[in-house]
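In terms of our numbering, the sequence shown opens at residue 2 and continues consecutively.
The C-beta atom is built at its ideal place from N, Cα and C for all residues, glycine as well.
Step one of this worksheet: look at the structure below.
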Amino acid sequence: MADTFHKAIDIWRDELLRRIVTASEPIVVLDAVAGMGKSTLLSQLASHLQCRIWRSARPPGEEDTCDDVLLWDVPTDTQEVEMPAIWQDEGRRVVIAKRPRTRLFGLDRAIAYGKALCLGAADICFSRGELEASYGRTEAPRLLTETGGWPFLVGLHSRSSRDEATLTRFLANDVLNETADFELVQLSLAQQAARSPAKGKEAVPVYLQASRIAGALAAAVDMVLAGRLGDSARVPAISTAYAAHGMQTEAILVLQRAGLHELAVRAFVANFGRYYIFFHGSEAFDRVLAGFPAELATQHEGIVTALAMQALKRGEVLRAQRLLADCYGSRANNVLKVLSDRAAFSAAFRSFRLVMLIYEDVVLGDDLLEQSTTLLSEFPLDADLERGSIYNSILEFYIRRRRFAVAQDIADRALFHYERAGVPLLCFYINLHQAMMHLMSGDAVRARKNSTDAAEQLSRVPFDSPMDARLLALLQACVEYEDGKPEPLARFLTSEMDDFSHGEIWPSLIEFALQYGSQALSEHFSMIAARGFLDRWRAYQVYNRQFRLMIEVRDAVILQNGNRWQEAAEKLAAVQARINRTWVEAAVDELTRLQDRDEIALAVVWLRHIVFEMPGRVHLDRQLAALASNLNLTGRQRLCIEVWQAYVARRRHNLTSARAILQKTFENAARLGTIAPLSEERQFLRELTGDRRISDFLQTTPTSQQILRRLRDTGLPNTTLGEKNGLTRRETRLLLMIAEGASNKFIAHALGLSEATVKFHLGNLYRKLGCSRRREAIIAAKALGVIS
């Protein structure tokens, strides 16, 4: 390659030569890669000082004749050589040129004692002034950018022929082969700007950032790195280099590709195992797990629990249970046995098994809660991930039990540990739970603050997480819905719901989605759209009893809102549960003591039906008061019951009580910033606010006036259901019942009338609608919007 440097050799290095000759240290070492012009510098020095160059793998001995200045050009294939200690004290100038891979014993000691100066690539590359002297002020800046001042590239620039393949091989064989694994990985990451850390390029030598060799260097780096990865003995060091640059996923993948699965498992566990997904994202998590052989799924606890976590994050609860059963047997899916058997199951596994309960259809009793709390004592106070996850699991227990005050304290504890562990995604989930709790409690003001906190935490997550972005979008849309703005939730339901329903789901989240989704669709689209939404969930969550019951209850409420009360009653009667209509009609004090979320939901929806059907029923007011005093109700449920209490009071001609109850309810709603629970009770509020004696009273206070205005903005009419059509309440009720196919005998029994009286009222109803038969009346009712 002698002709390569014909132009570069002509550049006389006056400044650099002067620095070498005048250095206070007697020994100067030129330590740089191939193509830096080290031999050229020695030739210029030899010419300037009129001395010879010693070219040998060994230093000159006493028998060798040397000049007063020793110029030693160490051969490129020399691995190591010792520098004579006497050179430090002789007083003569020694200049040594070598490659970085050549180890020069004694050099570090000489540098430490101030006897040696080491000049690297940054010192030897051409300066801008040197290039300007040879190429002119116009050409020099461009040449410096293209070559980085690397003498090899400066000489190559002057050649008419440029062979990229030869350049690539030169870079690979003569430059990169001498670099350490850490530096090679650093170069590889610098070639991938999108994945490289910001400091990665700063650490790359300037001459290797030359634009002229960008393509050839990338190819050379890939070539050398691939060769080293083919040597299993070098792979661990390369993996360590990736890890040092923050590329944990690539560090594990290179071990897996080399078949070093034991080391890969260790690296995975060292990077938090099943928590890996929260630090690096689901895509990286999936890639790492896919690299482990299948047999590890039944051999290593860390891999088993990670695979189960992967299944849970995809909404595949049954798959997660199967993975644990394959490894530990069926006992792994008996939570109480797992938590109580410390000899058979590690604390980490029991902690994970507890986390799985968040997603499972399991009745959470006091014994299970006690076991969960005891598990905390097995982890040190600084085991933040494990302790935070245990608190997270306990949080779900209290949310299901509607003990929101305790749940809030547990959420704060979980958040403390997750923040200390530095995992913003897990902090996001806690903020999400807090917001959901406040929305369930009917407190949209606090929910909005938690929503803002959740958005901030998600913005700090260093990777894309589409499912979590959907969770945040749903939360923000529901907060806006509480403020009387249905558009964000409507957009979410039409564009994101399909992907959302096939992702990570747990009971309190699905309850949240079912509540707001079905209500928004029924109020702003149609009852058919709302029921179709519920059917989609019913088909997907068919295996889960809790989800099925939630869906059935919401379906019944949607039917009630569409004035299909009889169909709703039939649907509720088909639910196999202790709480049925007979139980609710007979219960008073028992309503206060209900604790189970699903039993409370059934009692609430049955009582709603009874309030609409028989508002004058004996003891109904006592039943409503008993249920309203149940401490396990959500704030939303309590607001709804207060509306029913006002409705019953008005039907019993107790306007004073009706006005007082409704005013208190409206003021609470205004203070909490919530409108959605009241909006869903428009069947009852329509009649209450349609009474001028009540609506005029509500107008006397600004807060009640504000809520009433917002309700009317969302579609609450100023008149009762049948009033605008000239129908009495009794006639409207009859129209609803015949529209659902009720016979005269059934109507008479349900309303406590004789069949003759029913026929009389039906005659008046037909006359007002201009009909002569039931079929015509039903068609008219649908046309007038009396029924959905």
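- DSSP, reduced to helix, strand and coil, places ALA345 outside both helices and strands of the structure shown, so it counts as coil.
- Going by DSSP, ARG492 is part of the alpha helix (DSSP H) stretching over 488–496.
- According to the DSSP assignment, ALA117 belongs to the beta strand (DSSP E) that extends over 117–120.
- Apart from the 5 residues on each side of it in sequence, GLN257 sits with its Cβ closer than 6 Å to the Cβ of ALA265, GLY292 in its chain, given in chain order.
- The beta carbon of GLN520 sits closer than 6 Å to the beta carbons of GLU681 from its chain, once the five residues preceding and following it are set aside; these are given in chain order.
- LEU709 places its beta carbon less than 7 Å from that of LEU699.
- Beta-carbon to beta-carbon, ALA259 and VAL236 are separated by about 4 Å, close enough to satisfy the 8 Å threshold.
- The stretch 585–595 makes no contact with the stretch 565–577; the number of CB pairs closer than 8 Å stays below 3.
- Contiguous alpha helix (DSSP H) elements confined to the stretch 236–268 occur at 236–245, 249–258, taking only those with 4 or more residues.
- Under the Cβ criterion (8 Å, minimum of three pairs), the stretch 548–564 counts as touching the stretch 499–519.
- Taking a 10 Å sphere around the C-beta of PRO76, we find fewer than 16 other C-beta atoms and assign the residue as exposed.
- A Cβ-Cβ separation of about 6 Å places CYS428 in contact with LEU416 under the 8 Å criterion.
- Taking a 10 Å sphere around the C-beta of ARG555, we find 16 or more other C-beta atoms and assign the residue as buried.
- Look at LEU369 here: in three-state DSSP terms it is helix.
- By the neighbour-count criterion, in which a residue is buried when 16 or more other Cβ atoms sit within 10 angstroms of its Cβ, LEU319 is exposed.
- Annotated as proximal: PHE513 and MET437, with beta-carbon spacing under 7 Å.
- Beta-carbon to beta-carbon, GLU26 and ALA123 are separated by about 18 Å, too far to satisfy the 8 Å threshold.
- Beyond the five residues adjoining it in sequence on each side, GLU483 comes within less than 8 Å, by CB distance, of LEU440, ALA445, ALA448, GLY674, THR675, ILE676, ALA677 in the same chain, given in chain order.
- Three or more pairs of CB atoms, one per stretch, sit closer than 8 Å, so the stretch 99–118 contacts the stretch 15–35.
- Looking at the DSSP output, LEU105 shares a beta bridge with VAL82.
- Where LEU640 is concerned, the enclosing alpha helix (DSSP H) starts and stops at 636–652.
- TRP607 and SER496 have their alpha carbons spaced roughly 34 Å apart.
- DSSP, reduced to helix, strand and coil, places TRP55 within a strand of the structure shown.
- Between ILE580 and GLU600, the alpha-carbon positions lie close to 6 Å from each other.
- By the neighbour-count definition (other C-beta atoms within 10 Å, threshold 16), GLU361 is a buried residue.
- By the C-beta density criterion, LYS99 is buried, having at least 16 other C-beta atoms within 10 angstroms.
- Within the stretch 293–319, the complete alpha helix (DSSP H) segments at least 4 residues long are 302–314, listed from N- to C-terminus.
- Checking the DSSP bridge columns, you'll see LYS99 partnered with ASP32.
- Taken through DSSP and simplified to helix, strand or coil, TRP151 comes out as coil.
- Contact check for GLN192 against ALA219 passes: the beta carbons are separated by less than 7 Å.
- Per the DSSP secondary-structure output, ASP74 pairs in a beta bridge with ALA98.
- In the DSSP annotation of this structure, PRO60 is not part of any alpha helix (DSSP H), being labelled neither H nor E.
- Listed in chain order, the non-local C-beta contacts of ALA86 below 7 Å within the same chain comprise GLY107, local neighbours out to five positions each way being set aside.
- With 16 or more other Cβ atoms inside 10 Å of its own Cβ, GLY636 counts as buried.
- Looking from the CA of GLY231, the closest CA among VAL207, LEU261, ASP78 belongs to LEU261.
- Secondary structure remark: continuous beta strand (DSSP E) runs of at least 3 residues inside the stretch 749–787: none found.
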